[in-house]
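Protein chains: 2
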Amino acid sequence: MESDLSNPTLQALRRILRATEIGSRKLATTTGLTPSQMLVLREIEGRDQATPSAIASALKFSQATITNVVDRLVLSGLVTRERSDRDKRQIMLHATAAGRDALACAPDLLQSQFTDRFASLAAWEQAMILASLEKLSLILGAQDMDVAPLLDSGAIDRTEPG
Amino acid sequence: MESDLSNPTLQALRRILRATEIGSRKLATTTGLTPSQMLVLREIEGRDQATPSAIASALKFSQATITNVVDRLVLSGLVTRERSDRDKRQIMLHATAAGRDALACAPDLLQSQFTDRFASLAAWEQAMILASLEKLSLILGAQDMDVAPLLDSGAIDRTEPG
DNA sequence: CAAATATGATTAGCCTCCCAAAGTATTTAA
DNA sequence: TTAAATACTTTGGGAGGCTAATCATATTTG
C-alpha cells in the first residue's frame, strides 16, 4: 500500500479546476461578459483583424457558435463587423475601444489571480511547480494542446464517434 | 526580471484545464451523460439517499437546476424520485442499477486518465506534484474549497453583486 | 465564358445549462 | 387554526453549443 498520493493529488487538482471555473464566472460578471464572450473577444483583439472562421478554429468552436457570440458582442458594442474587400465572403471582426477597454479591465482569467503571487514564490518553488504541471500535462495527454482557451463550457457533443 | 516562469506555468495550467474540459466532454459522450448530469448522478449515488436541496447545496447549484437535471436523469432511467415518508415535502433521489452502471463505466473524469499513470511516477515526483498543486491551490485561493465537482459549465450569473 | 465546386458566414432548429421568481404542498410555530 | 417557514416544481428567459441548410462570393475547369 505504498503512499498513494494519488487521491490527495486529484483532490488538489479538483480544487484548482473548481477555483478557476468559479473565478472565470466571477470575472465574467464583473466585466459583464460571459467566459465565452471573453474568449472570443480576446481572440479578436489579439489579432486586431480576425475572421469568424479563424476564431472558430483557434477556439475549436463551430462557426455558428462564433456567429452567435459575436452577435452579442456586437450588440454590446464591443466588436464591429466589416465585410472584407479582398474577399467579400469574409467578415472582419474588430474590437472597438469599448471592447479593448473591457479586456483591459479583466486582463486574464488566471493571470490576475496568479502572476503576482506566483512571482513571490522562491525560484525553486516556481521551478517545481512548472515541472509538476508539465508532468501533469503529460499524464493528462495535454502536451501538444493549443494553449488558446482558458475554460469554457457547453452542451455536449452527441455525434457518434463511430 | 528574474526568470519569469510565470508564463510557461500559466500555459501548462491552461493546457491542463483545457485537457480536463475536453476529457469531460468526451467522456460525457461515451456515457451519454453531460458533465452536469455526471456531477449530479455522482452526488446522488455517493449518498445513496439524497434530496434535491442537498445536492444543490453540495454542488452550489440552484434547486431549480437540480430539478432540471434530475428530470433528465429520471428520463434516462438512471435515477428515481420517491417522496419521503417522514416529510412529504422532501423527495428522495436514488440511483438505479443503470445509474450505478453508468457511473461505474465512467469512473471519474480525471481519475481514469490519471491514476495509473500517476502511480507509475517515482515517489518523489508524486510528492513534488502534490506539493505543487497544494501551492497552486493556495495561490488561486482554492484551499478551503469543496472538493465536490469536477468541472461544469454554463450560463453566467448576472445577478448584481451589489 | 459558363457550370460545377468550394468556401465563408448566417439562419434555423434543437438541446443543455443555469438562474430567479412564482406556485404548490407540507410542516412547524404562534 | 391560521401564519410562517421549508422543500420542491414550474415557468420563463438568457446564454452556450451543435448540425444542417442556405446564401453569397470565389475558384476551378471544361
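In the order they appear, the protein sequences are chains C and S.
Per my numbering, the first sequence starts with residue 1, numbered consecutively.
Per my numbering, the second sequence starts with residue 1001, numbered consecutively.
All C-beta atoms in this analysis are idealised placements derived from N, C-alpha and C, irrespective of residue type, glycine included.
Note that the structure is a prediction, hence the values are computed from the model and not measured.
8 Å CB neighbourhood of residue i in its chain, flanking five on each side removed
i	result
residue 52 of chain C	63, 66, 67, 70, 91 and 93
residue 1084 of chain S	1051, 1090, 1091 and 1092
residue 1042 of chain S	1103
residue 100 of chain C	45
residue 74 of chain C	80 and 81
Residue i versus residue j: straight-line alpha-carbon distance, rounded
i	j	result
residue 129 of chain C	residue 33 of chain C	31 Å
residue 16 of chain C	residue 86 of chain C	46 Å
residue 131 of chain C	residue 1131 of chain S	12 Å
residue 163 of chain C	residue 1134 of chain S	There is simply no residue 163 of chain C to check, as chain C begins at 1 and stops at 162 in what is shown.
residue 1058 of chain S	residue 61 of chain C	31 Å
residue 1118 of chain S	residue 1126 of chain S	7 Å
residue 55 of chain C	residue 120 of chain C	35 Å
residue 1040 of chain S	residue 40 of chain C	30 Å
residue 158 of chain C	residue 13 of chain C	In this prediction, residue 158 of chain C scores a pLDDT of 32, lower than 50, which makes its location untrustworthy; no coordinate-derived value is stated.
residue 7 of chain C	residue 1088 of chain S	38 Å
residue 124 of chain C	residue 1124 of chain S	15 Å
residue 47 of chain C	residue 122 of chain C	35 Å
residue 1035 of chain S	residue 35 of chain C	17 Å
Contacting residues, own chain, Cβ-Cβ under 7 Å from residue i (five flanking each side not counted)
i	result
residue 1096 of chain S	1077, 1078, 1079 and 1080
residue 105 of chain C	31
Integer-rounded CB distance, given that residue j should sit under 8 Å from residue i
i	j	result
residue 20 of chain C	residue 1140 of chain S	7 Å
residue 72 of chain C	residue 37 of chain C	6 Å
residue 10 of chain C	residue 1114 of chain S	6 Å
Residue span of the beta strand (DSSP E) that contains residue i, given as start and end
i	result
residue 95 of chain C	91-95
residue 80 of chain C	79-83
Endpoints, the alpha helix (DSSP H) within which residue i is located
i	result
residue 39 of chain C	35-47
residue 58 of chain C	52-59
residue 1132 of chain S	1123-1139
residue 1071 of chain S	1063-1075
Chain-order list of residues whose beta-carbon lies under 6 Å from that of residue i (same chain, five-residue window excluded)
i	result
residue 98 of chain C	77 and 78
beta-carbon residue i near the ligand SAM non-hydrogen atom, thresh 7 Å
i	result
residue 1094 of chain S	What this structure holds is no ligand at all, so the ligand SAM is not there to describe.
* Check each residue of the region 1124-1141 of chain S: if its Cβ is closer than 9 Å to any Cβ of chain C, include it; give the result in chain order. => Residues of the region 1124-1141 of chain S with a C-beta less than 9 Å from any C-beta of chain C: 1125, 1126, 1127, 1128, 1129, 1130, 1131, 1132, 1133, 1134, 1135, 1136, 1137, 1138, 1139, 1140 and 1141, listed in chain order.
* Which residues, taken in chain order from the region 1054-1069 of chain S, show a beta carbon closer than 7 Å to some beta carbon of chain C? -> Residues passing the 7 Å Cβ filter: none.
* **Contact residues within the region 91-107 of chain C, judged by C-beta distance below 7 Å to chain S** => Going along the region 91-107 of chain C in chain order, one finds no residue with a Cβ nearer than 7 Å to chain S.
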